[in-house]
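*Asks:* Once you've had a glance at the structure underneath, I'll fire off some questions.
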Amino acid sequence: MAEQLIIDTAANKEARYKSLVPQIEALISGESDAVANLANIAAALRQTFNFFWVGFYIVKNNELVLGPFQGPIACTRISFGKGVCGASWKEKKVMLVPNVDEFPGHIACSSDSKSEIVLPAFKNQEVALVLDVDSDQLNDFDSTDEEYLLQVMKLVERFI
Ligand code: SME
1 MAEQLIIDTA ANKEARYKSL VPQIEALISG ESDAVANLAN IAAALRQTFN FFWVGFYIVK
61 NNELVLGPFQ GPIACTRISF GKGVCGASWK EKKVMLVPNV DEFPGHIACS SDSKSEIVLP
121 AFKNQEVALV LDVDSDQLND FDSTDEEYLL QVMKLVERFI
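In structure tokens form, the structure reads like this:
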């Protein structure tokens with residue numbers, strides 16, 4: 001496994017994602033433990049983009065429970081349909097929220113969080129976990145993040 005992440009700090013966002021996705025693929029190949037892989041993916045995303053908060057919430061007994069993440073401490077449990085993460089789970093789709101204050105029911109783990117993207121990963125057609133990425137800037141995520149983070153979620157679906 002590659003133990004060092006190569007990040008071109010001069011590259012733009014899309015170029016960084018293009019370089020990161022195969023590195024994540026290499027990172028998880030040969031490791032079947034879900035927590036180990038999710039932890040390294042969260043770290044790789046944080047290292048590459050310096051996201052304010054990035055991590056996973058895992059579906060357990062009808063709730064989302066905090067999983068591996070990087071960033072400030074966060075809410076541990078989220079109910080079905082609640083907040084952006086719960087909405088992504090319920091609606092089985094990507095939620096891109098340019099301004100969290102305008103999202104009904106947003107769960108503010110931190111008042112510094114201003115925009116957010118949440119993507120589900122599926123196992124047997126059901127949401128098994130979500131990836132949540134938060135920014136302390138408004139309108140910080142776009143279709144490029146969605147496109148490449150979806151590729152990351154396809155990799156996640158290999159081991160969950
Ligand atoms: N804001 C999220 C909750 C999780 S934290 O921000 C880490 C939500 O509304 O689902």
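Under the working numbering, the first residue of the sequence shown is numbered 1, with each subsequent residue one higher. Where a beta carbon is used, it is the ideal one built from N, C-alpha and C, also for glycine. Everything numeric in this text was worked out from a predicted model, so none of it was measured.
Buried or exposed for Ala26, going by 16 or more other Cβ atoms inside 10 Å?
*Replies:* For this step, residue 26 is matched to residue 26 along the sequence shown. Classification for Ala26: exposed.
*Asks:* Between the alpha carbons of Phe51 and Asn124, how many angstroms are there, rounded?
*Replies:* Stepping through the sequence shown from its first residue, residue 51 is reached at position 51. Stepping through the sequence shown from its first residue, residue 124 is reached at position 124. Taking the straight line joining both Cα atoms gives about 30 Å.
*Asks:* What whole-angstrom Cβ distance do Trp53 and Asp142 have, given they're in contact under 8 Å?
*Replies:* Here residue 53 refers to the residue found at position 53 when the sequence shown is read from its first residue. Here residue 142 refers to the residue found at position 142 when the sequence shown is read from its first residue. About 18 Å separates the two Cβ atoms, so there is no contact after all.
*Asks:* Grouping DSSP H, G and I as helix and E and B as strand, with all else coil, what is Val84?
*Replies:* What you label residue 84 is simply residue 84 of the sequence shown in a count that begins at 1. Helix at Val84.
*Asks:* State the beta-bridge partners of Glu126 as determined by DSSP.
*Replies:* Along the sequence shown, one-based indexing puts residue 126 at 126. Per DSSP, Lys123.
*Asks:* Is Ser29 near the ligand SME, judged by its Cβ being under 7 Å from some heavy atom?
*Replies:* Against the sequence shown, residue 29 aligns to sequence position 29. No.
*Asks:* Just how far apart, CA to CA, sit Tyr16 and Leu38?
*Replies:* Looking up residue 16 in the sequence shown gives position 16. Looking up residue 38 in the sequence shown gives position 38. A small correction: the amino acid at residue 16 is Arg; Tyr does not occupy that position in the sequence shown. Cα to Cα, Arg16 sits roughly 19 Å from Leu38.
*Asks:* Give the secondary structure of Arg77 by DSSP, where H, G and I count as helix, E and B as strand, and everything else as coil.
*Replies:* Counting from 1 along the sequence shown, the entry for residue 77 is found at position 77. The answer is strand: DSSP assigns Arg77 an E or B state.
*Asks:* Would you call the CB atoms of Ile73 and Ala44 closer than 8 Å?
*Replies:* Working through the sequence shown from its first residue, we reach residue 73 at position 73. Working through the sequence shown from its first residue, we reach residue 44 at position 44. For Ile73 and Ala44, no; Cβs fall outside 8 Å.
*Asks:* As an exercise, report each continuous beta strand (DSSP E) stretch of at least 3 residues that is fully enclosed by the segment 26 to 67, in chain order.
*Replies:* Segments of the beta strand (DSSP E) lying fully in the segment 26 to 67: 53 to 60.
*Asks:* Hey, how far is the Cα of Val127 from the Cα of Ala34?
*Replies:* Looking up residue 127 in the sequence shown gives position 127. Looking up residue 34 in the sequence shown gives position 34. So the two alpha carbons sit approximately 15 Å from each other.
*Asks:* Is Gly86 close to the ligand SME? I mean its beta-carbon at under 7 Å from any heavy atom of the ligand.
*Replies:* Position 86 of the sequence shown holds residue 86. Answer for Gly86: yes, Cβ within range of the ligand SME.
*Asks:* Which one of Asp140, Val130 and Val118 has the shortest CA to CA distance from Glu157?
*Replies:* Against the sequence shown, residue 157 aligns to sequence position 157. Looking at the Cα atoms, Val130 is the closest of the given residues.
*Asks:* Taking the beta strand (DSSP E) that Leu96 falls in, what are its first and last residues?
*Replies:* Within the sequence shown, numbered from 1, the residue matching residue 96 stands at position 96. Met95 to Val97 is the span of the beta strand (DSSP E), which, as asked, contains Leu96.
*Asks:* Have a look at Thr144, Glu3, Gln47 and Asn12 and flag the residue whose alpha-carbon is nearest the alpha-carbon of Glu31.
*Replies:* To locate residue 31, count along the sequence shown from 1; it is residue 31. If we check each option's Cα against that of Glu31, Glu3 comes out closest.
*Asks:* Grab the span of the alpha helix (DSSP H) containing Val156 for me, first residue to last.
*Replies:* On the sequence shown, position 156 is the one that residue 156 refers to. Unbroken alpha helix (DSSP H) run through Val156: Ser143 to Val156.
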